[in-house]
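A.B. asks: Have a look at this one.
2 protein chains.
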Amino acid sequence: MMRFEFFNPTRIIFGAGSVEQLGDAVRHYGKKALLVIGGGSVKRSGAFDRAVSSLEKAGVSVVEFSGIEPNPRLSTVKRAVSEVLKSGCDVVVGLGGGSVMDASKVIAAGVYYEGDLTEMFVRAERKQRLPDRALPVVTVPTLAATGSEMNNGSVITIDEGGERLKTFVMAEVLYPRVAVVDPELTVTVPPDFTAYGISDILAHVTETYFCNVEEFPIQDRFAEGIILTLLEWGPIAVRDGQNVDARAHVQWASIVALNGWIQAGIRLLAPVHMIEHTLSALYDVPHGAGLAVLNPAWMRFALRSAPGRFAKFAERIFGVTGGSLEDRAVEGVKRFEDFLKTIGCPTRLSELGIGDPDDATLQQIAEDTLKVRRDREGRLPGYPALTKEDIIEILRLAM
Amino acid sequence: MMRFEFFNPTRIIFGAGSVEQLGDAVRHYGKKALLVIGGGSVKRSGAFDRAVSSLEKAGVSVVEFSGIEPNPRLSTVKRAVSEVLKSGCDVVVGLGGGSVMDASKVIAAGVYYEGDLTEMFVRAERKQRLPDRALPVVTVPTLAATGSEMNNGSVITIDEGGERLKTFVMAEVLYPRVAVVDPELTVTVPPDFTAYGISDILAHVTETYFCNVEEFPIQDRFAEGIILTLLEWGPIAVRDGQNVDARAHVQWASIVALNGWIQAGIRLLAPVHMIEHTLSALYDVPHGAGLAVLNPAWMRFALRSAPGRFAKFAERIFGVTGGSLEDRAVEGVKRFEDFLKTIGCPTRLSELGIGDPDDATLQQIAEDTLKVRRDREGRLPGYPALTKEDIIEILRLAM
């Protein structure tokens, strides 16, 4: 019988035009905001000006911090922490995609973190030291993908000491106080990145679904509900980016896919994300594109040990019937991969523009992944747990 | 396009045996707990002793307040508020079903409420004055039904000034800080009340589902997921009360049915609950039993104006296909009513042991309901909005 604790205190303000309410939301938490952004697309789209205008109208002054990378780096986060300490900001606003929001959370916690910031992150070889205090964070997503706007996680690339290790932290103090979610801010996202976002959302759901090994039935139904909605509305958002209804449904999917609602009672292990993190740390490929390649490959590997669960997935999501359990399991994965292709995602490593990795690279990806997380037997946790050789086999299945 | 705000800060500690963690949960919020209970079943089941022992072990002293009625009355709540003021309790623990938890919330807010406590509640003829402060509340449900353990609502019967009006309040300060949810505490609930609880949960979900008129697709899928789970596990919980897995699935269903997750983006109007509140204020019938009678009757009435939505319900829940849209809509309601019958719920007024109401009583039920809530045209809000005559027709459809 499942046992769990659930807690998510983030307030959501959702709807077209809600960015106008940003200032009102932020002024309860601070008077001087560090406004964290990425490479400048929010300036081109007008989102930045609207956010600043709303903040200033509410009496909140703004210090801009730009330049968060697509796979955000700890060195950049550290520069932002210095900026907060120098300028005296008392609240952090993250306006952007998952990278910007993830970085904002660590900036907010970094202000109070004593000692080396690298110790905040999961790493197999040593004990993690969680942050216990953070400035208030308000998130404003401009992409439907990571769900970072309403969760307590952050994925960061450690780029110091000659290495490049993409790892993560989850801590209660990292929950944003408010997420201002305006689907209109996502209408300028191009079709390819819209599709990568959908791939990311789907991976959050499938990684949860295939970890529901104790059979917690409502959680399965919720997960299936998100996938079915994405199959219906995802292609519309890709094809017709201006369709705000489709954008809203995909955005809500991204939030509920990783805000803990479908994870309650399930030990989320996320092996596909772990392998993808290594891949995108190495090649800087978009996270959702990497997942579209690795997720079906992992499924082809994992269905051998849990054909029943994959057959259920095939039946409930794609209405697959007939044949043996194994036949249905295989067919479900095939249809899942087909869906990713139809929305324009790559599903093979060669389509990522990085060529097929050679043997040494395969070894490195597997080893770097296990540097972040491994169980006592040295395997990557998951169902099934993965040895180094298993990870390499999954990568080969993605070729 | 939907717009909404969502916020639910209640922490859930879920699992068999979790009542042992009650003291640890409460001591963060206070040192002296008012332990609110109902008529004594928690003493017979041993839950009371386990709760007290856990509280005392954590250094929390306990003041008992017993005697909350099944349809809790304001006069009783007021006595409890006096008890808190006299004894100096700084936290309120509600151990029981929905009545006890609802009463606990209003007790906690009543301590700080200035002026007449009746003004806290919804009433058509005057403006409601919401509470803005409350003592911390911790809930420990012993019945899977109302979902009160993780929401900000409370249903109270005003029993003063010669009237008996069952009404409600929803306010942000009423969210419990923690819900300690131990499905083992529900194994002693007899089959009839287990079934009434399931009827209540189903009504929360169907009232939400039939208010999703702007077509917010994930919310439909989530709602359907809860119903499908109850159809599968509800009968097992009724038949085999000792099955802790079944109890856990029904308990989790009760929580997610009314903690805002499926209501996000939907204006919940709950006309069936409104009519049932009047019925149970008048006759003191169990809330879930009253709902089992009124919900299918309301559905038979409402499907005339929204056959498409009811046909979708029939298809997705019961796999009904073929025939006209109207045929499928009618068939879905019939199957829903049949399910309630199979778990032992009454589905007609005459089965409630109150006889069929006469014309004067029908008039009174309709009028009392509209005293709590009515729109500018004097109708009970819902899809469709209901005139006094409509409410009487629904009651007749329940005969």
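Going down the list, the sequences are from chains A and B. Mind the numbering: the first sequence is residues 1 to 399 in our numbering, read in order. Mind the numbering: the second sequence is residues 1 to 399 in our numbering, read in order. Note that the Cβ used here is the ideal one computed from N, Cα and C, for glycine as well.
1) List the endpoints of the continuous beta strand (DSSP E) containing Ser61 (chain B).
2) Near Ile266 (chain A), which residues of its chain fall below 7 Å by C-beta distance, leaving aside the five closest residues on each side in sequence?
3) Using a Cβ cut-off of 8 Å (strictly closer), state whether Met2 (chain A) contacts chain B.
4) Does the beta-carbon distance from Pro183 (chain B) to Glu149 (chain B) come in below 8 Å?
5) Check each candidate in A:Phe65, A:Lys31, A:Gln128 and name the one with the smallest Cα separation from Val372 (chain A).
6) Going by the DSSP bridge assignment, what does Ile156 (chain A) pair with across the sheet?
7) Any beta carbon from chain B within less than 8 Å of Gly15 (chain A)'s own beta carbon?
8) Mind reading off the beta-carbon distance from Leu352 (chain A) to Gly290 (chain A)? Whole number of angstroms is fine, and I expect it under 8 Å.
9) Going by C-alpha distance, which of B:Ile394, B:Ala311, B:Glu20 is nearest Val181 (chain B)?
10) For the putative contact between Ala203 (chain B) and Val272 (chain B), defined by C-beta atoms under 8 Å, what is the C-beta separation to the nearest angstrom?
11) Which chain A residues sit within Cβ distance under 8 Å of Thr229 (chain B)?
12) Write down the C-beta distance between Ile394 (chain B) and Phe310 (chain B) rounded to the nearest angstrom, noting that I regard them as a contact closer than 8 Å.
13) Short check: CB of Ala144 (chain A) to CB of Ser254 (chain A), under 8 Å?
14) Which first and last residues belong to the beta strand (DSSP E) in which Gly96 (chain B) is found?
15) Hey, how far is the Cα of Glu172 (chain B) from the Cα of Gly234 (chain A)?
16) Taking 7 Å as the limit between beta carbons, can you name the residues of its chain near Ala223 (chain B), skipping five residues before and five after?
17) Report all residues from its chain with a CB closer than 6 Å to the CB of Pro286 (chain A); omit the five preceding and five following residues, and keep chain order.
18) Between which residues of its own chain and Phe121 (chain A) is the CB-CB distance below 6 Å, once the five residues before and five after are set aside?
19) I need the straight-line Cα distance from Thr139 (chain A) to Ser41 (chain B), nearest angstrom please.
20) For Ala145 (chain A), does the three-state DSSP call read helix, strand or coil?
21) Suppose you measure from the CA of Tyr112 (chain A) to the CA of Glu83 (chain A); what does that come to, to the nearest Å?
22) Take the Cβ of His277 (chain B) as the centre, count every other Cβ of all protein chains shown within 10 Å, and call the residue buried at 16 or more, exposed below.
23) What does a CB cutoff of less than 8 Å around Arg374 (chain B) pick up in its chain, not counting 5 residues either side in sequence?
24) Taking the beta strand (DSSP E) that Phe7 (chain B) falls in, what are its first and last residues?
25) Could you check where the beta strand (DSSP E) with Leu35 (chain A) kicks off and where it finishes?
26) Since Val36 (chain A) and Val60 (chain A) should fall inside the 8 Å C-beta cutoff, what is the C-beta to C-beta distance between them, to a whole number of angstroms?
27) I believe Thr68 (chain B) touches Ala103 (chain B) by the beta-carbon criterion, under 8 Å. Please report the beta-carbon distance rounded to the nearest angstrom.
28) For the alpha helix (DSSP H) holding Val42 (chain A), just list the boundary residues, first then last.
29) Could you give the distance in angstroms between the alpha-carbon of Asp358 (chain B) and the alpha-carbon of Ser350 (chain B)?
30) Is the beta carbon of Ala257 (chain A) sitting closer than 8 Å to the one on Ile226 (chain A)?
31) Which residues in the same chain as Leu325 (chain B) place their Cβ atom closer than 7 Å to its Cβ, once the five residues preceding and following it in sequence are excluded?
32) Taking only beta-carbon atoms, is Glu315 (chain B) less than 8 Å away from chain A?
33) Which whole-angstrom value describes the C-beta separation of Pro191 (chain A) and Val238 (chain A), a residue pair presumed to lie in contact below a C-beta threshold of 8 Å?
34) At 7 Å on the CB atoms, spell out the chain A contacts of Trp252 (chain B), in chain order.
35) So, does the CB of Ala360 (chain A) fall closer than 8 Å to a CB anywhere in chain B?
36) Please identify, using Cβ separations under 7 Å, the residues of the stretch 266-288 of chain B that lie next to chain A, in order along the chain.
C.D. replies: Once the coordinates are examined:
1) Ser61 (chain B): member of the beta strand (DSSP E) spanning 61-65, first to last residue.
2) Here Ile266 (chain A) has Thr208, Cys211, Asn212, Phe216, Gln219 as same chain residues with Cβ atoms under 7 Å from its own Cβ, once five neighbours each way along the sequence are excluded.
3) At least one chain B Cβ lies under 8 Å of Met2 (chain A).
4) Not in contact: Pro183 (chain B) and Glu149 (chain B) (Cβ atoms no closer than 8 Å).
5) Checked all of A:Phe65, A:Lys31, A:Gln128; the closest Cα to Val372 (chain A) is A:Gln128.
6) Paired residue(s): A:Thr167.
7) At least one chain B Cβ lies under 8 Å of Gly15 (chain A).
8) Between Gly290 (chain A) and Leu352 (chain A) the Cβ distance is about 7 Å, and since that is below 8 Å, they are a contact.
9) Of the listed residues, the one whose Cα sits closest to Val181 (chain B) is B:Glu20.
10) Sure, about 6 Å apart at Cβ, within 8 Å.
11) In chain order: Pro217, Ile218, Arg221.
12) That pair is no contact at about 15 Å.
13) It is a contact, given that the beta carbons lie within the stated cut-off.
14) In this chain, the beta strand (DSSP E) harbouring Gly96 (chain B) covers 91-96.
15) Distance between the alpha carbons of Glu172 (chain B) and Gly234 (chain A): 34 Å.
16) These residues qualify, in order along the chain: Val205, Thr208, Tyr209, Ile262.
17) The residues are Tyr196.
18) Cβ neighbours of Phe121 (chain A) beyond the five flanking positions: Thr167, Val169.
19) Cα-Cα distance, rounded: 47 Å.
20) In the structure shown, Ala145 (chain A) sits in coil (DSSP, three-state: anything other than H, G, I, E or B).
21) Between the C-alpha atoms of Tyr112 (chain A) and Glu83 (chain A) there is a straight-line separation of about 13 Å.
22) Buried, since its Cβ has 16 or more Cβ neighbours within 10 Å.
23) Contacts found: Ala124, Leu380, Pro381.
24) Boundaries for Phe7 (chain B): no beta strand (DSSP E) harbours it, and the DSSP string shows neither H nor E there.
25) Where Leu35 (chain A) is concerned, the enclosing beta strand (DSSP E) starts and stops at 32-36.
26) Taking a contact as a CB-CB distance under 8 Å, the pair Val36 (chain A) and Val60 (chain A) does not count as one, their CB atoms being some 14 Å apart.
27) Note on residue identity: the sequence assigns Ile, not Thr, to residue 68 (chain B). Between Ala103 (chain B) and Ile68 (chain B) the Cβ distance is about 5 Å, and since that is below 8 Å, they are a contact.
28) Under the DSSP assignment, Val42 (chain A) falls in the alpha helix (DSSP H) whose first and last residues are 41-45.
29) Each residue's Cα considered, the two are about 12 Å apart.
30) Taking C-beta atoms as the reference points, Ala257 (chain A) and Ile226 (chain A) count as a pair closer than 8 Å.
31) So the list reads Pro307, Gly308, Ala311, once near-sequence residues are dropped.
32) Glu315 (chain B) has a beta carbon lying at 8 Å or more from every beta carbon in chain A.
33) Indeed, because the Cβ distance is near 5 Å, the residues count as touching under 8 Å.
34) Here the neighbours are Ile218.
35) No, Ala360 (chain A) lies away from the interface with chain B (no Cβ there is under 8 Å from its Cβ).
36) Under the 7 Å Cβ criterion, the stretch 266-288 of chain B contributes no residue.
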